[in-house]
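J.: Dumping the structure here so I can ask a few things about it.
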Amino acid sequence: MKSQILALFLTFSVATAVFAQDKALADQAAYTKTITERAAKIVNTLGISDSKKAEKVTNIIRDQYSNLNDIYTARDLGAKDIKEKNKENKVLRDSALAKQNRAVEASLAKLHKKYISKLTAQLNNEQIEGVKNGMTYGVLPLTYKAYQEEILTLTDEQKKQILVWLTEARERAMDAESSDKKHAWFGKYKGRINNYLSAAGYDLKKEGIEWEKRRKAKADGN
292 MKSQILALFL TFSVATAVFA QDKALADQAA YTKTITERAA KIVNTLGISD SKKAEKVTNI
352 IRDQYSNLND IYTARDLGAK DIKEKNKENK VLRDSALAKQ NRAVEASLAK LHKKYISKLT
412 AQLNNEQIEG VKNGMTYGVL PLTYKAYQEE ILTLTDEQKK QILVWLTEAR ERAMDAESSD
472 KKHAWFGKYK GRINNYLSAA GYDLKKEGIE WEKRRKAKAD GN
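Heads up: the sequence shown begins at 292 in this note's numbering, then just goes up one per residue.
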């Protein structure tokens, strides 16, 4: 009887393990399909006529998404372990988490550099811009255009500085782990830009009101 129970238990354990493995493989396949489609959508905007080259660039972008996911997955598992081991000591916990975050930032910077190098070997500057904007929902060109439409008296120097900061935000957003985190990077730099413009004497609330009036008038056909 005991041997039968043991056999049933082992059979159930094996079946559970196989099911978990199958689910993990299915989840991985679904994820790979998603990021491949996401990468292909970006590549379709680049005007690449060579199908083999288009496929190669698609794979480069897909692999970047996958590599970023690996870094963040390892970070989350590591953070969970750190919190568990140091749940009675906040100082050690926070110190270990800060050290981990520095390591993650270093890994992201290294990966980012390699990624840009791979893109540079396949694409021209305009196409690389297309990839960067594609990975960040086109926030840079949209925001840069919006600032110029909102404040009609921006100087060339101010426009240049706005573009510098938005470009920096995009570089960070490219490596972010989610849509919210990507937008958060732009939000941070937009705050910096707004402070810069306020210090230059612009009343951003007033500029926004006037911009809305112009947009409404244009929509009304006036």
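Note that beta-carbon positions come from the ideal geometry of N, C-alpha and C, so glycine has one too. It should be emphasised that the depicted structure is a prediction, and the values quoted were computed from it without experimental measurement.
Note down the Cα distance separating T411 from Q418, rounded to an integer number of angstroms.
T.: Taking the sequence shown and counting its residues from 1, the one referred to as residue 411 is at position 120. Taking the sequence shown and counting its residues from 1, the one referred to as residue 418 is at position 127. Whole-angstrom Cα-Cα distance: 9 angstroms.
J.: Going by beta-carbon coordinates alone, are R393 and Y356 separated by less than 8 angstroms?
T.: Position 102 of the sequence shown, counted from the start, is the residue given in the question as residue 393. Position 65 of the sequence shown, counted from the start, is the residue given in the question as residue 356. Not in contact: R393 and Y356 (Cβ atoms no closer than 8 angstroms).
J.: If you follow the alpha helix (DSSP H) that L454 is in, where does it begin and where does it stop?
T.: The residue given as residue 454 occupies position 163 in the sequence shown. Unbroken alpha helix (DSSP H) run through L454: D447 to M465.
J.: If we count the other Cβ atoms within 10 Å of its Cβ and call it buried at 16 or more, is L433 buried or exposed?
T.: Working through the sequence shown from its first residue, we reach residue 433 at position 142. With fewer than 16 Cβ atoms within 10 Å of its Cβ, L433 is classed as exposed.
J.: What number of angstroms, rounded off, separates the C-alpha of I326 from the C-alpha of Y493?
T.: For the purposes of this step, residue 326 is identified with residue 35 of the sequence shown, where counting begins at 1. For the purposes of this step, residue 493 is identified with residue 202 of the sequence shown, where counting begins at 1. Taking the straight line from one Cα to the other gives about 42 angstroms.
J.: If you draw a straight line from the C-alpha of W476 to the C-alpha of N380, how long is it?
T.: Start at 1 with the first residue of the sequence shown, and residue 476 comes out as number 185. Start at 1 with the first residue of the sequence shown, and residue 380 comes out as number 89. C-alpha separation (whole angstroms): 31 angstroms.
J.: Does the separation of the CB atoms of E468 and L359 fall below 8 angstroms?
T.: Position 177 of the sequence shown, counted from the first residue, corresponds to residue 468. Position 68 of the sequence shown, counted from the first residue, corresponds to residue 359. Cβ distance < 8 angstroms, so E468 and L359 count as in contact.
J.: Mind listing, in chain order, the continuous alpha helix (DSSP H) runs of no fewer than 4 residues lying wholly within the segment 363-428?
T.: As far as the segment 363-428 is concerned, its whole alpha helix (DSSP H) runs of at least 4 residues are 381-411 and 416-426.
J.: Would you mind sorting L383 into buried or exposed? The rule is 16 or more other CB atoms within 10 Å of its CB.
T.: Sequence index remark: in the sequence shown, residue 383 carries index 92 (1-based). Its Cβ having fewer than 16 others within 10 Å, L383 is exposed.
J.: What does a CB cutoff of less than 7 angstroms around E441 pick up in its chain, not counting 5 residues either side in sequence?
T.: For the purposes of this step, residue 441 is taken as the residue at position 150 of the sequence shown. Correct list, in chain order: E498, G499 and W502.
J.: Relative to the C-alpha of Y438, which candidate in V422, N424 and L457 has its C-alpha closest?
T.: Working through the sequence shown from its first residue, we reach residue 438 at position 147. Per the Cα distances, L457.
J.: Have a look at K436 and D511 and give me their C-alpha separation to the nearest angstrom.
T.: To locate residue 436, count along the sequence shown from 1; it is residue 145. To locate residue 511, count along the sequence shown from 1; it is residue 220. Straight-line Cα distance between these residues: approximately 21 angstroms.
J.: Can I351 and K404 be called in contact, C-beta distance under 8 angstroms?
T.: Locating residue 351 in the sequence shown gives position 60, where the first residue counts as 1. Locating residue 404 in the sequence shown gives position 113, where the first residue counts as 1. No, they are not a contact pair.
J.: Is A437 helix, strand or coil when you go by DSSP?
T.: Within the sequence shown, residue 437 is the residue found at index 146, counting from 1. In this structure, A437 counts as helix in the three-state DSSP scheme.
J.: So, at 8 angstroms on beta carbons, what are the nonlocal neighbours of S489 in its own chain, with the 5 sequence-adjacent residues on each side left out?
T.: Locating residue 489 in the sequence shown gives position 198, where the first residue counts as 1. Correct list, in chain order: L495.
J.: Please state whether DSSP places D511 in a helix, a strand or coil.
T.: Working through the sequence shown from its first residue, we reach residue 511 at position 220. Three-state DSSP puts D511 in coil, outside helix and strand.
J.: Taking only the alpha-carbon atoms, compute the straight-line gap between G421 and E375 and give it to the nearest angstrom.
T.: The count along the sequence shown starts at 1 and reaches residue 421 at position 130. The count along the sequence shown starts at 1 and reaches residue 375 at position 84. If I take the Cα positions, the gap works out to 43 angstroms.
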